[in-house]
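For reference, the structure discussed in these notes is given below.
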Amino acid sequence: MEAEPCDAVPPKSQVKATLRLGTESYSVVADKGSYSEQLVSLKEQSMVILKDFITKHNVPHDVPDELVETSSSEDDDDIPDKPSIKSKKTKLT
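Below is the structure:
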C-alpha cells in the first residue's frame, strides 16, 4: 500500500473562472505561480475581458463624425455678459 502525499499540487491550474456577459461566455484560466499569483492573474485577465466587452457594446451608432455647429458666426457677438455677483462681506467692528 502506497501513500500519496496530500500536499502534492497537480500540474494543472488551480484557478479558473467563466464570465457570462449577456449571451457571450468567456473562460479565464490562470496557470502559473502560487494561488495568490493566479488570483491576481485571473483578476487582470477578467478586467481586460470586461473592458473589451464594454468597449465593444457601448459604441454609439448614430453619432456623426463631426459635431454640427448650430450657431452662425454672426451670433457670436450676441453672447450676453454674465452679471457680476457681489459677495457680501461682514464688517468687523
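The letter at position 88 of the sequence shown is residue 1199 when you use this note's numbering, and the numbering goes up by one with no holes.
No residue lacks a Cβ here, since even glycine has one placed at the ideal position from N, Cα and C.
message: Looking at the secondary structure, which residues open and close the alpha helix (DSSP H) in which SER1147 lies?
response: If you number the sequence shown from 1, residue 1147 lands on position 36. Per DSSP, SER1147 belongs to the alpha helix (DSSP H) from 1146 to 1168.
- request: Could you name the residues that DSSP lists as bridge partners for LYS1127?
  value: For the purposes of this step, residue 1127 is taken as the residue at position 16 of the sequence shown. Beta-bridge pairing links LYS1127 to VAL1140.
- prompt: When every heavy atom of the ligand COA is checked, does at least one fall within less than 8 Å of the C-beta of LEU1203?
  reply: Among the components modelled here there is no ligand, and therefore nothing to report on the ligand COA.
message: Whole angstroms are fine: how far does the CA of THR1201 sit from the CA of GLN1156?
response: As a working note, residue 1156 is residue 45 in the sequence shown. As a working note, residue 1201 is residue 90 in the sequence shown. Taking the straight line from one Cα to the other gives about 59 Å.
query: Candidates SER1147, ASP1142, GLN1149 and GLY1133: which alpha carbon is nearest LYS1167's?
result: Working through the sequence shown from its first residue, we reach residue 1167 at position 56. Checking every option, the nearest Cα to that of LYS1167 belongs to GLY1133.
- prompt: Between the beta-carbon of LEU1153 and the beta-carbon of ALA1141, is there less than 9 Å?
  reply: Within the sequence shown, numbered from 1, the residue matching residue 1153 stands at position 42. Within the sequence shown, numbered from 1, the residue matching residue 1141 stands at position 30. A contact, by the Cβ cut-off of 9 Å.
task: Work out the CA separation of GLN1125 and SER1147 for me, nearest whole Å.
output: On the sequence shown, position 36 is the one that residue 1147 refers to. On the sequence shown, position 14 is the one that residue 1125 refers to. Distance between the alpha carbons of SER1147 and GLN1125 is about 11 Å.
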